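Undergrad:
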Amino acid sequence: MTTEAVGLVEQRRSSRVENNVDRVIKKKRCKRKERIQVKRTVKMFSSTLQTLFDSCQQVFRGPGTVPPPSDVQRLCNILDVMKPEDVGLSRDLQFFQPKSAVVEGNPRVASATIYKCHNFSLCLLFLPATAVIPLHNHPGMTVFSKLLLGTVHIKSYDWADPLDSDNYDSPSKVRRARIKANRNFTAPCDTSVLYPTSGGNIHEFIAVTPSAILDVLGPPYSKEDDRDCSYYRETSFGASSNIEEFTKVEDDGHCYGWLEEIEMPQEAEMDGIPYLGPPIDEYNS
0 MTTEAVGLVE
10 QRRSSRVENN
20 VDRVIKKKRC
30 KRKERIQVKR
40 TVKMFSSTLQ
50 TLFDSCQQVF
60 RGPGTVPPPS
70 DVQRLCNILD
80 VMKPEDVGLS
90 RDLQFFQPKS
100 AVVEGNPRVA
110 SATIYKCHNF
120 SLCLLFLPAT
130 AVIPLHNHPG
140 MTVFSKLLLG
150 TVHIKSYDWA
160 DPLDSDNYDS
170 PSKVRRARIK
180 ANRNFTAPCD
190 TSVLYPTSGG
200 NIHEFIAVTP
210 SAILDVLGPP
220 YSKEDDRDCS
230 YYRETSFGAS
240 SNIEEFTKVE
250 DDGHCYGWLE
260 EIEMPQEAEM
270 DGIPYLGPPI
280 DEYNS
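When you line the sequence shown up against numbering that gives the first Met the number 0, it's residues 0 to 284, in that order.
1. Which whole-angstrom value is the C-beta distance of residue 112 and residue 144, which I expect to be below 8 Å?
2. Tell whether a beta-carbon distance below 7 Å holds between residue 272 and residue 109.
3. Use the C-beta contact count for residue 282: other C-beta atoms within 10 angstroms, 16 or more gives buried, fewer gives exposed.
4. Ends of the beta strand (DSSP E) at residue 69?
5. Output the residue ranges of the beta strand (DSSP E) runs that lie fully inside the stretch 173-217 and measure 3 residues or longer, sorted by chain position.
6. Leaving aside the five residues before and after residue 240 along the sequence, list all residues of the same chain whose C-beta is less than 6 Å from its C-beta, in chain order.
7. Ignore the nearest five residues each way along the sequence and tell me which others in residue 23's own chain have a CB closer than 6 Å to its CB.
8. Got a sec, what are the start and stop residues for the beta strand (DSSP E) residue 145 sits in?
9. Please report the straight-line C-alpha distance between residue 81 and residue 198, rounded to a whole angstrom.
10. Tell me, please, whether the stretch 134-142 touches the stretch 57-67 by the rule of three or more beta-carbon pairs shorter than 8 Å.
11. Is it buried or exposed, residue 275, if we count other Cβ atoms within 10 angstroms and call 16 or more buried?
12. For residue 269, write down the residues that DSSP places opposite it in a beta bridge.
13. Within 10 Å of its beta-carbon, does residue 277 have 16 or more other beta-carbons around it, so buried, or fewer, so exposed?
14. Pair every Cβ in the stretch 226-233 with every Cβ in the stretch 81-96, then say whether three or more of these pairs are closer than 8 Å.
Laid out in structure tokens, this is it:
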């Protein structure tokens, strides 16, 4: 083989090697771009939830404390703009389709815990149509409820005399309460907030359509810390059982009713399901 031929072969080999190297480099760059794009997408997808989590870590200071108005507004500003996608939900899911509107029997509520610690918890509630979360309280807790999907009827009460409610010693466990809310809420809507002794601390949810609610509880329920849930039913006070006397508008313009504490009703039982939405970085803040 001549010197020129050898040189031509070497030149072709070098060219093929360079082309292969270029292809490998381009492929790696392409994959890297894809990885970066995926990471960016995941970050964008979960950024609102992460912001909520970071803010909760700063706002909630543990049992016996209530966030100041500025911190309450801070969390509301985040929750008010949250969308189903921020927690991995979609309106296209079968659960939220019209054909899922009718469920035979007593539909059960499902709950998924996103995060829970001593100071606060984040959880999702899934209510099939007609499902009920019966009247229950939130002792010593500040609660933010954000309706993400669906329509829910919310009825809530505060004790008419909160100062004496802890010392009430009636054998019948019947107490007078003032109605805070009693209407339908449809997503998207503003966040509702309740406090240990105001804002509708005792409330119930009745799903008009399949619905999803994001709850922020600070601090969360805890039997060990004497923050167990109590349940109630509306009743008339006295011999009458006329349902019209369950609630009554009084001279101050507020509507009042009587609530009787009861054992945990069957419809209060929930099915725990895993949370499958965007993860939270506990060490981000």
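Backbone N, C-alpha and C define an ideal beta-carbon position, used for all residues, glycine too.
None of the values given here were measured: they were computed from a predicted structure.
TA: For this structure:
1. Stepping through the sequence shown from its first residue, residue 112 is reached at position 113. Stepping through the sequence shown from its first residue, residue 144 is reached at position 145. With a Cβ gap of about 15 Å, residue 112 and residue 144 do not count as contacting.
2. For the purposes of this step, residue 272 is taken as the residue at position 273 of the sequence shown. For the purposes of this step, residue 109 is taken as the residue at position 110 of the sequence shown. Yes; because the gap between Cβ atoms is below 7 Å, this pair is in contact.
3. If you number the sequence shown from 1, residue 282 lands on position 283. Looking at its Cβ environment, which holds fewer than 16 other Cβ atoms inside 10 Å, residue 282 is exposed.
4. Locating residue 69 in the sequence shown gives position 70, where the first residue counts as 1. No beta strand (DSSP E) holds residue 69; the alpha helix (DSSP H) holding it covers 68-79.
5. 173-185, 191-193, 201-206, 210-217
6. Taking the sequence shown and counting its residues from 1, one reaches residue 240 at position 241. Here the model assigns residue 240 a pLDDT of 48, short of 50, so the residue's position is not dependable and the matter cannot be decided.
7. Here residue 23 corresponds to residue number 24 of the sequence shown, with the count starting at 1. Low confidence applies to residue 23: its pLDDT is 45, below 50, so where it sits in the model is not reliable, and the reading given next is rough at best. So the list is empty, once near-sequence residues are dropped.
8. For the purposes of this step, residue 145 is taken as residue 146 along the sequence shown, with counting starting at 1. It spans 141-148 - the beta strand (DSSP E) in which residue 145 sits, taken as one unbroken run.
9. Locating residue 81 in the sequence shown gives position 82, counting from the first residue. Locating residue 198 in the sequence shown gives position 199, counting from the first residue. Rounded to whole angstroms, residue 81 to residue 198 spans 22 Å at the Cα level.
10. yes
11. For the purposes of this step, residue 275 is taken as residue 276 along the sequence shown, with counting starting at 1. Counting C-beta atoms within 10 angstroms of its own C-beta, residue 275 has fewer than 16 neighbours from the protein chains shown and is therefore classed as exposed.
12. Residue mapping note: residue 269 aligns to position 270 of the sequence shown, counting from 1. Per DSSP, 108.
13. As a first step, residue 277 must be located in the sequence shown, where it is residue number 278. Residue 277 comes out buried.
14. No, because fewer than three Cβ pairs between the stretch 226-233 and the stretch 81-96 fall closer than 8 Å, the two stretches do not touch.
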